[in-house]
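Below is one structure, written out as structure tokens; comments come after it.
In our numbering, the protein residues as written are 3 to 210.
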């Protein structure tokens, strides 16, 4: 059962598709599969070094020889189309206008088992537009993508996987900057250092 029961003030009973219960079910299912793999290892297949649950995220470390690979896996609910709550965003001007079609951008979205800082983690989901972001990245210059990757490395390595700032926050900051800044400025191929400092500055403003 992946639902929580909440009594409404009027006496009715509400059922919520629970993100935490879905995450628990997903973790149990993944653990069973990985356990079977460990029992019957095959030559050339990666070795499961570690499986860890961090909230609703499952972190898996696979080993191949002396190399180690970290995968963060999260269960999602996939939808086609575009949510009504985000419809107004499509009416605004964007950096990708004329570069890709609206149909490519609104191909689908996800519900991710994560709530706001003060939200109810047992009942609330977060909208994710990762599928759209894949399309939007096609419209971003290589120098800005270099700055994004460098800033992402700083966050992960120097801050040791912080909870306050994640690649998700950085990606959102970059996309908002693309809408805010002139296209001629963003197209500068030798501005990677400028873009890196700009992303760090934007993140700082978001935090303070």
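Every residue, glycine too, gets a C-beta built ideally from N, C-alpha and C. Computed from a predicted model, the values in this text were never measured in an experiment.
Under the criterion of a Cβ to heavy atom distance below 7 Å, does residue i qualify as lining the ligand GDP?
| i | result |
| --- | --- |
| residue 61 | Summarising the ligand content, the structure contains no ligands, and the ligand GDP is consequently not present. |
Could you give the C-beta distance for residue i and residue j, rounded to a whole number, given that I count them as a contact under 8 Å?
| i | j | result |
| --- | --- | --- |
| residue 35 | residue 4 | Incorrect: roughly 18 Å between the Cβ atoms, too far for contact. |
| residue 224 | residue 32 | No answer is possible for residue 224: it lies beyond the span of the chain, which begins at 3 and ends at 210. |
| residue 51 | residue 67 | At roughly 12 Å, the Cβ-Cβ gap does not stay under 8 Å, so residue 51 and residue 67 are not in contact. |
According to DSSP, which residues form a beta bridge with residue i?
| i | result |
| --- | --- |
| residue 17 | 7 |
| residue 69 | 66 |
| residue 59 | 56 |
| residue 197 | Partner(s): none; residue 197 has no beta bridge. |
| residue 80 | 112 |
| residue 50 | 64 |
| residue 75 | 60 |
Going straight from the alpha carbon of residue i to that of residue j, what length do you get?
| i | j | result |
| --- | --- | --- |
| residue 29 | residue 20 | 14 Å |
| residue 206 | residue 26 | 34 Å |
| residue 44 | residue 54 | 23 Å |
| residue 157 | residue 146 | 16 Å |
| residue 58 | residue 124 | 11 Å |
| residue 143 | residue 103 | 18 Å |
| residue 107 | residue 41 | 43 Å |
| residue 117 | residue 136 | 23 Å |
| residue 69 | residue 48 | 10 Å |
| residue 11 | residue 121 | 19 Å |
| residue 169 | residue 175 | 10 Å |
| residue 15 | residue 90 | 33 Å |
| residue 2 | residue 38 | This structure does not reach residue 2, given that the chain is present from 3 up to 210, and the question cannot be answered. |
| residue 56 | residue 46 | 29 Å |
| residue 17 | residue 127 | 14 Å |
| residue 154 | residue 93 | 30 Å |
| residue 84 | residue 109 | 7 Å |
| residue 139 | residue 7 | 40 Å |
| residue 189 | residue 203 | 19 Å |
| residue 184 | residue 201 | 15 Å |
| residue 187 | residue 141 | 14 Å |
Complete runs of the alpha helix (DSSP H) confined to the region 94-168 [at least 4 residues]: 104-107, 132-138 and 144-155
Given 8 Å, three or more beta-carbon pairs between the region 92-100 and the region 167-186: yes
Are the region 193-208 and the region 143-160 touching, with three or more C-beta to C-beta distances below 8 Å? yes
Three or more C-beta pairs below 8 Å linking the region 107-116 and the region 80-89: yes
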